[in-house]
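Q: I have a structure here, written as structure tokens, and I will follow up with some questions on it.
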Amino acid sequence: MPFCVLFNPFILFLLIPPSPNTLFFVPSLLSYFSPSLFLSLLLSSYDQQALGLDFLELLERFVPSDYELKLLQNYEKEGRPLDDLAEEDRFMMRFGKIPRLAQRISTLTFMGNFPESVKRLQPQLNSIITASMSIKSSAKLKKMLEIILAFGNYMNSSKRGAAYGFRLQSLDLLLDTKSTDRSQTLLHFISSIVQEKYPELNNFHTELHFVDKAGLVSLDSILQDIRSLERGMEVTKKEFLVQEDNTVLKDFVKTNSELLDSLLKDSKTAQEAYGSVVEYFGENPKTTQPSMFFPLFVRFMKAYKQAEKDNEQKKRLEAQSSENQAESPSPRKKEAAGHKSPMMPKMDLIAELKKRQVKPQVKDGALEDIITDLRNSPFRATDGRRPAQRQDT
């Protein structure tokens with residue numbers, strides 16, 4: 013026997029080979045119901061309140077195998093007295109005579125787990141759908157990416173031709189590229205440009221919804237779980253066809269078939285929405301998982317917010333320093349005024365943004381090369397003069 017069930021009025025011990033030391037203490041069988049009532053409930057009632065879900069999942073492991081049933085059936089055919097059998101064997105014999113035993117237990121387990129499964133899967137689908145659609149439809153995000161591209165082209169205008177597109181992974185590089193004094197990153201400077209010239213874009217992140225939650229979702233696992241629900245519903249419907257007078261099965265199928273259909277519809281919408289936004293940014297949805305795609309935006313939003321805070325803090329410190337200098341004039345005041353950044357670089361950047369309104373062909377990977385060059389040669393604080401052009405002789 014692959015297991016042994018030892019009954020007494022108070023305690024049920026379950027000993028499960030092949031590990032003889034695996035001994036589980038569980039409540040008395042009588043605390044659930046008597047064996048005869050148990051058999052009756054499994055046969056006809058499908059009463060999930062009487063048949064607890066935890067007990068059903070435990071019981072599923074004790075469905076007799078075909079070999080065990082054959083041994084017991086041969087024993088009975090030989091006319092040997094059932095009283096000579098151990099109590100657990102007599103229980104197994106009665107247990108094994110239940111029609112469609114495995115299907116009934118599987119159906120009851122599925123019915124018990126179904127509401128929780130839907131409750132778990134639906135929010136994950138919603139997060140994928142909402143995040144995908146909000147990213148693709150966000151006009152402010154699109155403008156932010158255009159500014160980043162234009163800034164990269166401006167910084168590298170004397171080295172190579174213009175880049176017309178970039179991979180989303182390049183957003184992570186904006187924090188790695190720092191000024192010569194390492195006090196600012198590219199993202200800090202971009203944030204200051206946006207704050208001054210495009211203040212309406214500062215809250216671009218408010219157009220992106222549930223992106224952080226979508227990054228925690230495994231779409232493949234969700235689809236697999238939904239297919240499992242489909243199979244479970246098919247088994248339940250077959251059981252209902254056998255027992256059409258069973259009101260529990262009838263109500264469950266009627267109520268939850270529509271719920272499952274809605275879940276299936278949302279799963280298709282999630283696949284389409286996610287595939288669409290990933291392809292929109294030049295990636296392959298088959299090889300790019302949500303756990304890779306959405307965190308790119310989460311990190312960018314978090315870094316941008318931090319850059320805004322850093323810039324604000326820097327402004328406050330500079331304002332406080334200016335007040336102190338105004339109260340006690342010194343030669344340093346004139347020197348500090350000479351270090352103010354002129355408007356010319358920002359005007360050049362705005363001119364570059366205007367050029368971006370014309371959409372040329374995409375040169376894949378160009379901005380990544382630009383940022384890599386900048387990381388090797390950090391950008392310097394400008395004095396307002398463009399580099400002198402080399403004269404051919």
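Counting from 13, one number per residue, gives the positions in the sequence shown under my numbering.
Glycine included, each C-beta is placed from N, C-alpha and C at the ideal position.
#1: Roughly how far, in whole angstroms, is the beta-carbon of Phe163 from the beta-carbon of Ile202, given that I think they are within contact range, below 8 Å?
#2: Can you grab the Cα-Cα spacing for the pair Leu308 / Leu185, in whole Å?
#3: Is it the case that the stretch 99–110 contacts the stretch 246–253, given that we only count it when at least three CB pairs across the two stretches are under 8 Å?
#4: If you reduce the DSSP assignment to three classes, tell me which class Thr299 lands in.
#5: Starting from Pro127, follow the alpha helix (DSSP H) in both directions and report where the run begins and ends.
#6: Could you please give the first and the last residue of the uninterrupted alpha helix (DSSP H) stretch that includes Phe178?
#7: State the DSSP-derived secondary structure class of Thr218, mapped to helix, strand or coil.
#8: By the DSSP assignment, the alpha helix (DSSP H) with Thr248 in it spans what residues?
#9: Is it the case that the CB of Arg73 approaches a heavy atom of the ligand FAD more closely than 7 Å?
#10: Please classify Thr281: does DSSP put it in a helix, a strand, or coil?
#11: Would you kindly work out how many angstroms separate the C-alpha atoms of His217 and Glu242, rounded to a whole number?
#12: If you drop the 5 nearest sequence neighbours on each side, which residues of the same chain put their C-beta closer than 7 Å to that of Thr142?
#13: Relative to the alpha-carbon of Ser269, which residue among Leu70, Gln134, Phe126 has its alpha-carbon at the smallest distance?
#14: Judging by CA-CA distance, which residue of Gln136, Pro211, Glu246 is the nearest neighbour of Leu228?
#15: Are the beta-carbon atoms of Pro302 and Ala226 separated by less than 8 Å?
#16: DSSP three-state call for Lys190: helix, strand or coil?
#17: On the criterion of 16 or more Cβ atoms from any shown chain inside 10 Å, does Gln325 qualify as buried, or is it exposed?
#18: Can you give me the C-alpha to C-alpha distance between Ala98 and Leu84, rounded to a whole angstrom?
#19: Looking only at DSSP bridge pairs, what is Thr197 linked to?
#20: Within 10 angstroms of its Cβ, does Gln196 collect 16 or more other Cβ (buried), or is it exposed?
#21: Assign Pro76 to one of two classes, buried (16 or more other C-beta atoms within 10 Å of its C-beta) or exposed (fewer than that).
#22: Could you give the DSSP three-state label for Gln337: helix, strand or coil?
#23: Which of helix, strand or coil does DSSP assign to Ala162?
#24: DSSP three-state label for Ile205, please.
#25: How big is the Cα-Cα spacing for Ile140 and Glu330?
#26: Is Leu68 closer than 8 Å to Leu120 when the C-beta atoms are compared?
#27: May I ask you to report which of helix, strand or coil DSSP gives Pro76?
#28: With the cut-off set at 8 Å, would you say Tyr292 and Lys148 are in Cβ contact?
#29: Using the three-state DSSP reduction, which class does Leu228 fall into: helix, strand or coil?
#30: So what's Phe293 in DSSP terms, helix, strand or just coil?
A: By the coordinates alone:
#1: 6 Å
#2: 11 Å
#3: no
#4: coil
#5: 113–149
#6: Phe178 -> no alpha helix (DSSP H), and no H or E assigned at all.
#7: helix
#8: 231–254
#9: Among the components of this structure there are no ligands whatsoever, and the ligand FAD is therefore not found.
#10: helix
#11: 37 Å
#12: His221, Phe222
#13: Phe126
#14: Gln136
#15: yes
#16: strand
#17: exposed
#18: 12 Å
#19: Lys190
#20: buried
#21: buried
#22: helix
#23: helix
#24: helix
#25: 43 Å
#26: yes
#27: coil
#28: yes
#29: coil
#30: coil
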